[in-house]
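Structure, as structure tokens:
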Amino acid sequence: MSATPDILKQHLIDPVICIRCNTCEETCPVDAITHDSRNYVVDPDICNGCNACISPCPTGSIDNWRNVVRVKAYSLDEQLGWDELPQEQEIEGAETATTSPTGGGSGGADETTFTPPPVDAARGSTVPPKSAPRPVVNSHTLKQPAVATVTGNFRVTELGRDYDTHHIVLDFGSSPFPVLEGQSIGIIPPGTDAHGRPHHARQYSIASPRDGERPKYNNLSLTVKRVTSDHAGNPVRGVASNYVCDLQKGDQVKVIGPFGSSFLMADDPKANLLMICTGTGSAPMRAMTERRRRLRKDGDGKLMLFFGARTKEDLPYFGPLMNLPKDFIDIHLAFSRKEGQAKTYVQDLMRERASDVAALLTNDATHIYVCGLKGMEDGVMDALRFIADQHGIAWKELHPRMKAEGRLHLETY
Amino acid sequence: MSAIDYSQKIPNNVNLNSDRVLQRALEQWQPNFLSWWGDMGPEGSHQHDVYLRTATSAEPSGWAHFDYVKMPDYRWGIFLSPQVQDRKIHFGEHMGEDVWQEVPGEHRANLRRIIVTQGDTEPASVEQQRHLGLTAPSLYDLRNLFQINVEEGRHLWAMVYLLHRYFGRDGREEADALLQRRSGQEDNPRILGAFNEQTPDWLAFFMFTYFTDRDGKFQLCALAESSFDPLARTTKFMLTEEAHHMFVGESGVSRVIARTCELMKKHNVEAPDQVRALGAIDLQTIQRYLNFHYSVTLDLFGADQSSNAATFYNTGLKGRYEETKRGDDHLLKDRGYKILNVVDGKLVEKEVPMLNALNEVLRDDFIKDSEAGVGRWNKVIEKAGLPFRLTVPHKAFNRQIGTLSGVRIAPDGRPVSQEEWNAKASEWMPTAADRAYVASLMGRVVEPGQYANWISAPLSGINKQPLDIPYVRFN
């Protein structure tokens, strides 16, 4: 195998457009941004690509990226001396594969229509678990997407219900597309929108472990819910989700990514995984669970899952979940629309199982993953704090520590 | 709790519905605010759909949501930056103690005064700018003006929340008065002088947002250090919005300069009247506008020696710019600071206790920040290969407040006689003729992607949108 240089997608600030307002430096959760009297600059050794600085920037100058060989990244001194950004350099021997600081930017020149995964950088970790392997990210971009073939499309919620969720299997044939549990990919729907522009790529979490939905084949699976109404409840046909849910075996799909470099599974088999999700937020949990199931041996860490849906019938993978051995994973299902029963949310069940959750919290091998609708995040965080308080655990101390150690991962939308 | 609750009548992330009395009081203030906006907000704009930014969370991930909104339907609300656990007072005589979540009785009057003064500037600037929409040089600029206006409105909400929540009846009365004063009105003017001046044209607007909103930035930065935690958290979030206002100013002036230089090079002219013949704003006029707005803004920092400033610092109400990043003892008791004094008609430096000179300290920080941006404007001229350079006038030039008021100082810092001042004032500050010329250029451009002749296109669109989308739709 020939050596490909380690490429960094380096985050830079355009000194021509920047107004030196200090917002980015104030916002950066890892203090990667600094300045002198001339320029604001990003330290390539510290920046983890969490993108917390992107949207507060009033000018757009923050959103600049250059592919560079990692060992030749622009130093702080070089950046401080700039009057304008350098041109993008051709990199000899480089393939399309690049790794971003960790999570990639909100976009290089070729990614203007893609938004990266929503990671809650303020409350959750922006660094991966210590034992997670280094992920490949952004190996395929809008300019050079991968092409995958659909090898399966199964409905995973009951027929005749409002919720229509599909399990899609994509095969990448001979082109490499390495992924890790917790990562996501983007799918580009074909055609153009009403203004004649190509559709935006949509992001979906990967539901299969790194060695594939079908082990040893170059494939992965997704969990995709058909969107039939917008946030306000008005009927709307989601372009990408309908495209994906209607795919037929043999269809070809344009894929970009992979994305995500902090919401990753801890690789240590002794790690406890506390997984909390709703709806299609179950995809990464399924990937992690399946990875652990395949490698299962005595003495492994604990798996605990809190999974919320409206009803049993709306819960993706209900059947397969129920077949998992009870001594392998501790599962709690919360239904918010079960007839004749009070609404139950994941945080309610967490409180019910407070002593078990507390036992996990006191263990430094525990990693928490939260994925699903934005609305669940406050409730889950409150429940965690409540449980900690109840059991004499100093949440004020534990929360920032878990965050810093890459043990608290929030991905909500 | 950080997500903003938009299901409420007043969007907020302060758990407003847990305090019914406060909620009712603010819900009574809300229609008065909307009525003020209807009367004094941007003229003729209420039916426009404007591509605006609205915060959906006070944390970076949800900071900026863009969509078309009619301004009277903008979701003005109350957003505080997330609370920092166990935050301690980090300057003044209470250093090391827990920050205050309620107002200590002994600081009530001073805090109220600080909040009212800050709050008064917010609606004032909306009033000052209310006619500008009729002469916007592009839809992009019109949208930026409106974004600033709605955010100044939100900053008013931020201050009114503090008044209602923490200052009882006095606070409610002050909140009402904020809607009653009017910029430039003789019998009931706004509190600070600069906020009673007109903003007659877009060059003045860009200068105002560059210099005067930068005063806002420095005041907010100083308040973000406050021991009164709700004030610190409120102003911290306001700063994120304020940055956009300074962007509009810096890039606006920069685009005016770029266009002037472009035409000067293309037609190979240098003299101001030749530049004007091309329909551009000559660099000399830009310099005069700069001199005026800069000097008027310097006055906003207050008297160079102030026992109030010392009290505010000592008691922990208001810190210095970047207080936490400074390496001193944060008490300043034994420290001195050099201020300017006038002796026998000459400017001399005089050392005074730093505590009394804190207005001057903040003013000097502002000067450094302002100069850096002027340097970036000069880069635009330099790049065009022209010899002209803009300069920031001496800080004693044209001052009306403090020791330097009434002293006649030229922009280069030289004391001059009243006669010389009278003779040269028209070279140093915009004349009626300058203002009339600039006003003559102001015509509304409403074609998407088109710009008035006197200003160049921006370098990039808002929220990565192309430059030629209709940033404002007229209905």
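Chains as they are written, first to last, in the working numbering: chain A, 5 to 417; chain B, 352 to 826.
Just so you know, even glycine gets a beta-carbon here, dropped at the ideal spot from N, CA and C.
Cutoff 8 Å: residue i Cβ touching any chain B Cβ
i        : result
GLY254/A : no
CYS375/A : no
THR63/A  : yes
CYS25/A  : yes
ASP87/A  : yes
SER188/A : no
SER41/A  : yes
Buried/exposed call for residue i, threshold 16 Cβ in 10 Å
i        : result
PRO202/A : exposed
PRO362/B : buried
ASN55/A  : buried
ASP393/A : exposed
HIS170/A : buried
TYR417/A : exposed
TYR419/B : exposed
SER286/A : buried
LYS4/A   : A query on residue 4/A cannot be resolved here, the shown segment of chain A reaching from 5 to 417 and no further.
ASN539/B : exposed
GLN379/B : exposed
HIS199/A : exposed
DSSP state of residue i mapped onto helix, strand, coil
i        : result
GLY603/B : helix
HIS745/B : coil
ILE806/B : coil
ILE718/B : helix
GLU828/B : Any question about residue 828/B goes unanswered here, given that chain B covers just 352 to 826.
ASP250/A : coil
TYR517/B : helix
LEU792/B : helix
HIS399/B : coil
PHE598/B : helix
GLN256/A : strand
ASP390/B : helix
TRP399/A : helix
PRO90/A  : coil
GLU343/A : coil
PRO704/B : strand
ALA376/B : helix
Distance CB(residue i)-CB(residue j) smaller than 8 Å
i        : j        : result
LEU490/B : VAL797/B : yes
HIS371/A : ALA270/A : yes
ALA584/B : GLN434/B : Just to set this straight, residue 584/B is Arg in the shown sequence, not Ala. Result yes, Cβ atoms of ARG584/B and GLN434/B sit closer than 8 Å.
LEU614/B : VAL626/B : yes
ARG42/A  : LEU84/A  : yes
TYR512/B : ILE429/B : yes
ARG230/A : GLY216/A : no
GLY64/A  : LYS568/B : no
ASN222/A : PHE181/A : yes
ILE752/B : GLY653/B : yes
ALA575/B : THR586/B : yes
VAL183/A : TYR208/A : no
PHE588/B : ALA761/B : no
ASN366/B : GLN359/B : no
ILE189/A : ILE260/A : yes
TRP388/B : PRO488/B : no
GLU394/B : GLY484/B : yes
Proximity test, Cβ basis, 8 Å: residue i and chain A
i        : result
ALA583/B : no
PHE598/B : yes
THR591/B : yes
PRO433/B : yes
TRP728/B : no
SER811/B : yes
LYS746/B : no
TRP414/B : yes
HIS506/B : no
GLY764/B : no
Next item on the list: With a floor of 4 residues, list each alpha helix (DSSP H) that falls wholly inside the segment 519-590 of chain B, ordered by position along the chain.
Entry: 519-531, 553-558, 564-574
Next item on the list: Any chance you could list the beta strand (DSSP E) runs of at least 3 consecutive residues sitting entirely within the segment 132-183 of chain A, in chain order?
Entry: 150-159, 169-175
Checklist line | Runs of alpha helix (DSSP H) wholly within the segment 15-88 of chain A (minimum 4 residues, chain order) | finding: 27-31, 80-84
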